[in-house]
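>
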DNA sequence: TTGTATGCGTTATCAT
DNA sequence: ATGATAACGCATACAA
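Rendered as structure tokens:
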């Protein structure tokens with residue numbers, strides 16, 4: 001039971017509707033009364049009742065983010081960036097770590113003005129959105145009804161392989177998660193394959209290493225297996241930030257020098273890549289750009305519904321750091 | 001502009017207050033009318049307006065969780081568990097990754113029924129809580145006004161050292177973050193020191209290794225330094241899950257066998273510890289218990305304000321897995 | 001058992 | 001420039 005505008009009205013000796021106007025900085029109220037009202041409001045420690053405001057205004061000025069899996073480094077930074085971007089536009093962000101369906105339902109009740117969904121694996125939202133609630137999804141393209149922000153994973157892999165090829169590498173391995181249910185991973189996998197083909201590079205079982213997971217030790221273990229198979233590629237492409245950090249670890253454990261003995265390039269484009277033991281050259285959409293793109297798209301969708309294309313594909317960039325070098329010998 | 005109870009009332013040919021009662025499963029309404037109302041409600045796709053419900057009931061049935069730093073494995077699982085526990089009690093959870101002060105302010109506006117704050121480093125909430133909003137904090141004890149759930153870190157370290165001591169270890173090192181601003185880490189550090197003292201074990205600069213951070217490669221690098229200093233302890237205590245996984249990596253890299261050559265015990269008690277390359281014996285409050293305790297305490301505080309002690313300290317447990325063994329030689 | 005009336009705190013549309 | 005009043009969608013005390 002906090003202070004209401006009526007309390008302020010009493011204290012200031014005006015009507016509550018005048019108080020409302022003053023609080024909303026309406027030009028219809030005399031500056032003197034306005035400042036007096038503001039003053040007593042502060043004195044009384046007034047806090048607007050959000051529920052009431054929403055009930056009448058039908059706006060919550062907040063955006064919900066659905067994030068079913070809370071445990072991945074690259075996504076964590078993306079969430080942080082998205083939050084910053086949202087606040088920059090005068091909105092608040094709330095998170096739910098529930099499955100898409102129930103998270104969305106809850107956000108509806110909270111009357112969020114818009115929703116961002118991180119789609120993961122099979123956590124697709126089959127929910128039929130009432131068309132009035134702007135939703136945008138971040139995830140690989142797939143036939144559905146809400147606009148999705150996608151990343152051109154194939155191009156990313158092309159860039160990675162191309163870059164290595166230009167440096168003279170021909171024995172290139174890919175260490176990543178080949179899970180058949182994660183569309184993002186599938187795209188990377190296929191992208192690598194296509195790129196290798198385009199450059200006429202040999203692909204065999206030792207150039208395709210399934211980490212079977214996205215954690216750093218998945219990448220670590222997979223790389224161990226690769227290196228212990230007796231075949232040492234001259235370059236490795238890592239499927240994600242976490243996986244790549246595992247690759248680096250495994251490679252160093254074999255006393256191979258990066259990038260002298262072996263080059264590493266990883267997917268993802270977050271600042272942390274520079275902080276790894278060996279600053280990692282990487283491909284991917286810069287996380288700031290990703291965040292901006294997601295937020296701006298949603299805002300646009302909120303401003304004018306159905307103004308968004310069903311699919312926006314962001315282009316990756318290559319960022320050179322210190323983990324790749326040329327080969328002297330073309331093997 | 002969704003369907004309201006008035007729409008249902010019209011469609012069902014009753015008054016809207018009867019609809020309200022029916023929807024709330026009031027015994028005051030005849031079963032037949034009730035089912036009829038429920039049916040037409042479903043037909044029309046009725047969704048209750050949360051803002052209105054809250055405006056009148058002054059309850060949101062949701063709990064806010066403040067989590068300023070989204071990037072730590074052990075905390076991720078804790079958040080997930082807390083979420084489950086909250087839902088189990090008929091509440092929803094929303095997350096904010098903003099600094100405590102602004103997150104709390106936002107939750108207030110959302111009229112959450114209670115707030116859980118993860119305190120980290122210096123991210124203390126100096127906010128003066130209006131006494132009407134139940135808050136509970138998870139973090140090391142410190143003089144403040146809201147009840148906090150603490151963990152007996154000293155006892156945890158005692159258990160760890162005691163366990164190793166019983167196994168015959170005398171050369172024990174601690175690898176952890178010595179940051180002077182993180183109360184939790186300080187407690188662990190001091191706890192280790194005290195335990196060593198109690199068992200009359202020698203403490204020198206090689207038994208206290210500052211990882212300077214909480215990420216896995218912080219633990220990795222610190223352990224590397226330790227092992228390369230020429231001194232190999234017979235056991236290492238890790239300050240956290242992430243750090244410990246880095247320790248394991250570094251130890252294996254030196255071709256030391258766990259636990260034959262060296263024993264490792266880590267702080268934290270989450271299921272993932274069993275999934276590390278070497279299943280890690282650990283001390284800490286089991287994450288389920290922690291989650292339960294946090295949620296139940298908050299719920300209790302919500303039910304009867306000020307019924308909670310300002311400090312509750314949870315006791316850690318030792319969980320044996322496969323990373324510790326006895327020493328044959330008492331050095 | 002059902003319906004009527006009132007209020008929750010705010011904004012917005014009228015008058016004044 | 002200010003105030004009275006309605007409306008937002010719902011719950012509930014009270015009347016029928």
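Residue numbers (full-length UniProt numbering), protein chains in the order written: chain C, 1 to 331; chain Y, 1 to 331.
All residues carry an ideal CB built from backbone N, CA and C; glycine is no exception.
Please read all numbers here as calculations on a predicted model, not as lab measurements.
Is there a C-beta anywhere in chain C that falls below 8 Å from the one on residue 330 of chain Y?
Since pLDDT at residue 330 of chain Y reaches only 42, below the 50 mark, its modelled position is unreliable, and the value read off the structure follows with that caveat. Closer than 8 Å: no.
> Does any CB atom of chain Y fall closer than 8 Å to the CB of residue 83 of chain C?
Residue 83 of chain C counts as touching chain Y.
> Determine, using beta carbons only, whether residue 12 of chain Y comes closer than 8 Å to chain C.
No, residue 12 of chain Y does not count as interfacial toward chain C.
> Can you round the beta-carbon distance between residue 219 of chain Y and residue 175 of chain Y to whole angstroms, since I take them to be within the 8 Å contact cut?
That belief holds up - the Cβ atoms of residue 219 of chain Y and residue 175 of chain Y are roughly 6 Å apart, short of 8 Å.
> Of all Cβ atoms in chain Y, is any one closer than 8 Å to the Cβ of residue 51 of chain C?
Answer yes: the Cβ-Cβ gap between residue 51 of chain C and chain Y drops below 8 Å somewhere.
> If we count the other Cβ atoms within 10 Å of its Cβ and call it buried at 16 or more, is residue 325 of chain Y buried or exposed?
Residue 325 of chain Y comes out buried.
> With a cut-off of 8 Å on the beta carbons, I'd call residue 344 of chain Y and residue 281 of chain Y a contact; round off their distance for me.
There is simply no residue 344 of chain Y to check, as chain Y begins at 1 and stops at 331 in what is shown.
> Checking 8 Å against the spacing of the C-beta atoms, do residue 257 of chain C and residue 235 of chain C come in under that value?
Cβ atoms of residue 257 of chain C and residue 235 of chain C: not closer than 8 Å.
> Starting from the N-terminal side, write out each stretch of the alpha helix (DSSP H) that is 4 residues or longer and does not extend beyond the region 141-187 of chain C.
Within the region 141-187 of chain C, the complete alpha helix (DSSP H) runs of at least 4 residues are 153-166.
> Go ahead and pull the three-state DSSP assignment for residue 9 of chain Y.
Three-state DSSP puts residue 9 of chain Y in a helix.
> Start and end of the beta strand (DSSP E) containing residue 235 of chain C?
Residue 235 of chain C -> beta strand (DSSP E) spans 235-238.
> Considering Cα atoms alone, identify which of C:240, C:241, C:77, C:246 is closest to residue 226 of chain C.
For the residues C:240, C:241, C:77, C:246, the minimum Cα distance to residue 226 of chain C belongs to C:246.
> Which same chain residues, not among the five before or five after residue 329 of chain Y, have their C-beta less than 6 Å away from its C-beta?
Bear in mind that a pLDDT of 49 at residue 329 of chain Y, under 50, signals an unreliable position, so the number given afterwards is only what the model happens to contain. Correct list: empty, nothing qualifies.
> Just to check my reading of the structure: residue 307 of chain C and residue 300 of chain C have Cβ atoms closer than 8 Å, yes? What is that Cβ distance to the nearest angstrom?
6 Å between Cβ atoms; contact.
> Taking the continuous beta strand (DSSP E) assigned at residue 93 of chain Y, which residues delimit it?
Unbroken beta strand (DSSP E) run through residue 93 of chain Y: 92-96.
> Could you say which of Y:54, Y:232, Y:274 lies nearest to residue 255 of chain Y if we only look at CA atoms?
Comparing Cα positions, the closest option is Y:232.
> Evaluate residue 63 of chain C with the Cβ neighbour count: other Cβ atoms within 10 Å of its Cβ, from every protein chain shown; 16 or more gives buried, anything less gives exposed.
Classification for residue 63 of chain C: buried.
> Less than 8 Å between the beta carbons of residue 40 of chain C and residue 22 of chain C, yes or no?
No, the Cβ-Cβ distance between residue 40 of chain C and residue 22 of chain C is not below 8 Å.
> Pull up the distance between the alpha-carbon of residue 332 of chain Y and that of residue 285 of chain Y, whole angstroms please.
A question about residue 332 of chain Y goes unanswered here, because the residues of chain Y that appear run from 1 up to 331.
> Which chain Y residues sit within Cβ distance under 7 Å of residue 94 of chain C?
Chain Y residues near residue 94 of chain C: 94, 95, 96.
> Using 8 Å as the limit for Cβ to Cβ distance, is residue 223 of chain Y near chain C?
Cβ-Cβ to chain C under 8 Å: no for residue 223 of chain Y.
> Could you work out which residues of chain C lie near residue 44 of chain Y, taking near to mean beta carbons separated by less than 9 Å?
Within 9 Å Cβ-Cβ: nothing; residue 44 of chain Y doesn't reach chain C, min ~13 Å.
> For residue 311 of chain Y, name the three-state secondary structure that DSSP assigns.
Strand, per DSSP.
> DSSP state of residue 16 of chain C, grouped into three classes?
Residue 16 of chain C: helix per DSSP, three-state reduction.
> Identify, in the order they occur along the chain, each residue of the same chain with its Cβ nearer than 8 Å to the Cβ of residue 47 of chain C, setting aside the five sequence neighbours on each side.
Cβ within range, chain order: 2, 3.
> Residue ranges of each beta strand (DSSP E) run of no fewer than 3 residues wholly in the region 246-294 of chain Y, ordered along the chain?
Correct list: 263-267, 281-284.
> Is residue 94 of chain Y closer than 8 Å to residue 116 of chain Y when the C-beta atoms are compared?
No, they are not a contact pair.
> Which runs of the beta strand (DSSP E), 3 residues or longer, sit entirely within the region 29-93 of chain Y?
Complete beta strand (DSSP E) runs here, min 3: 62-66.
> Based on Cα-Cα distance, which residue from Y:113, Y:36, Y:6 lies nearest to residue 305 of chain Y?
The candidate whose alpha carbon is nearest that of residue 305 of chain Y is Y:113.
> Against chain Y, does residue 111 of chain C count as a neighbour if the rule is that its beta carbon must be under 8 Å from one of theirs?
By this cut-off, residue 111 of chain C is an interface position.
> CB-CB under 6 Å to residue 312 of chain Y, same chain, minus the five flanking residues each way: which ones, in chain order?
The residues are 149.
> How many Å lie between residue 15 of chain C and residue 9 of chain C at the Cα?
Taking the straight line from one Cα to the other gives about 5 Å.
> Quick check on residue 298 of chain C: does DSSP put it in helix, strand or coil?
In the structure shown, residue 298 of chain C sits in a helix (DSSP, three-state: H, G or I).
> Quick one: which residues of the region 187-217 of chain Y get their C-beta closer than 8 Å to a C-beta of chain C? List them in chain order.
Listed by position along the chain: 216, 217.
> Within 8 Å (strictly less), CB to CB, does residue 290 of chain Y reach chain C?
Closer than 8 Å: no.
> Would residue 240 of chain Y pass as a contact of residue 202 of chain Y if the rule is Cβ separation under 8 Å?
No.
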